[in-house]
Amino acid sequence: MTLKTFIEKLNIVRPEEISICLDEEKNVLFLRYKNTLYQDVVPERPFPISYPEFVILKDSKGDDICSIKDIRKLDDKSRASLEKLLDTLYFIPKILKIIRLEATGDRFEWETETERGKRTFTTRGRRSILFLGNKMVITDTDDNLYQVEDIGALDEKSRKIIQSTF
Numbered sequence: 061m062t063l064k065t066f067i068e069k070l071n072i073v074r075p076e077e078i079s080i081c082l083d084e085e086k087n088v089l090f091l092r093y094k095n096t097l098y099q100d101v102v103p104e105r106p107f108p109i110s111y112p113e114f115v116i117l118k119d120s121k122g123d124d125i126c127s128i129k130d131i132r133k134l135d136d137k138s139r140a141s142l143e144k145l146l147d148t149l150y151f152i153p154k155i156l157k158i159i160r161l162e163a164t165g166d167r168f169e170w171e172t173e174t175e176r177g178k179r180t181f182t183t184r185g186r187r188s189i190l191f192l193g194n195k196m197v198i199t200d201t202d203d204n205l206y207q208v209e210d211i212g213a214l215d216e217k218s219r220k221i222i223q224s225t226f
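Reading the sequence shown from the start, the letters are residues 61 to 226 in this note's numbering.
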């Protein structure tokens, strides 16, 4: 497949070409695109960490309908509907503070403060930690993801813990 064919298959739409609505009771997403109303639309983030604003919308059979290059450019209602469902599907707690990090052999026991409250989890080895620029993504032993959006924005104690450990 050529790059041109791949890009055409993505069917990247302009934000003003679509409208999105969420039925919160049923957690069902509706999409209006090219005079067609799609229901049971499934949003996918192919790059949830490095490019979370890019979303592919699929029909109930799993076929691509269209792609949105930047969901932040959608109208307010469409964006709020889409983000509400995406937040449910792609829950990645954001670490605001590292309270404690203990290393025992190849295991790390983390005690953190996230935007959803305190979280304690275990990781195995340094391979569980991925640095993307000033961002840090942590995968625990249960395959849950945690994210530090900006290491430099953490408090001094948290930064020192990261620097001394990794």
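In this text, a Cβ means the ideal position worked out from N, Cα and C, and glycines have one as well.
Would you say residue i and residue j are within 8 Å of each other, going by their C-beta atoms?
{"i": "S138", "j": "I72", "result": "no"}
{"i": "R176", "j": "L146", "result": "no"}
{"i": "V101", "j": "F90", "result": "yes"}
{"i": "L117", "j": "P75", "result": "no"}
{"i": "S110", "j": "L214", "result": "no"}
What whole-angstrom Cβ distance do residue i and residue j have, given they're in contact under 8 Å?
{"i": "D200", "j": "T172", "result": "That belief does not hold up - the Cβ atoms of D200 and T172 are roughly 11 Å apart, past 8 Å."}
{"i": "I125", "j": "Y98", "result": "6 Å"}
{"i": "R179", "j": "P153", "result": "6 Å"}
{"i": "K195", "j": "E209", "result": "6 Å"}
{"i": "Q207", "j": "I155", "result": "7 Å"}
{"i": "I211", "j": "I198", "result": "Not a contact, Cβ separation roughly 12 Å."}
Indicate the three-state DSSP secondary structure (helix, strand or coil) for residue i in the structure shown.
{"i": "K220", "result": "helix"}
{"i": "R176", "result": "coil"}
{"i": "R74", "result": "coil"}
{"i": "S127", "result": "strand"}
{"i": "F151", "result": "coil"}
{"i": "I109", "result": "coil"}
{"i": "D210", "result": "coil"}
{"i": "K157", "result": "strand"}
{"i": "S120", "result": "coil"}
{"i": "E104", "result": "strand"}
{"i": "K195", "result": "strand"}
{"i": "E68", "result": "helix"}
{"i": "E85", "result": "coil"}
{"i": "T164", "result": "strand"}
{"i": "L190", "result": "strand"}
Taking the alpha-carbon of residue i as reference, which of the options has the nearest alpha-carbon?
{"i": "L149", "options": "P108, K121, I158 and W170", "result": "P108"}
{"i": "G165", "options": "T225, L70 and T96", "result": "T225"}
{"i": "S218", "options": "I67, T96, L161 and R187", "result": "L161"}
{"i": "T96", "options": "I67, D119, T62 and K69", "result": "D119"}
{"i": "R132", "options": "K121, D123 and P112", "result": "P112"}
Hey, is residue i's beta-carbon within less than 8 Å of any beta-carbon in chain C?
{"i": "L149", "result": "Structure shown: chain C not included; a single protein chain is present."}
Quick check: the stretch 81 to 91 against the stretch 125 to 141, are at least 3 beta-carbon pairs closer than 8 Å? yes
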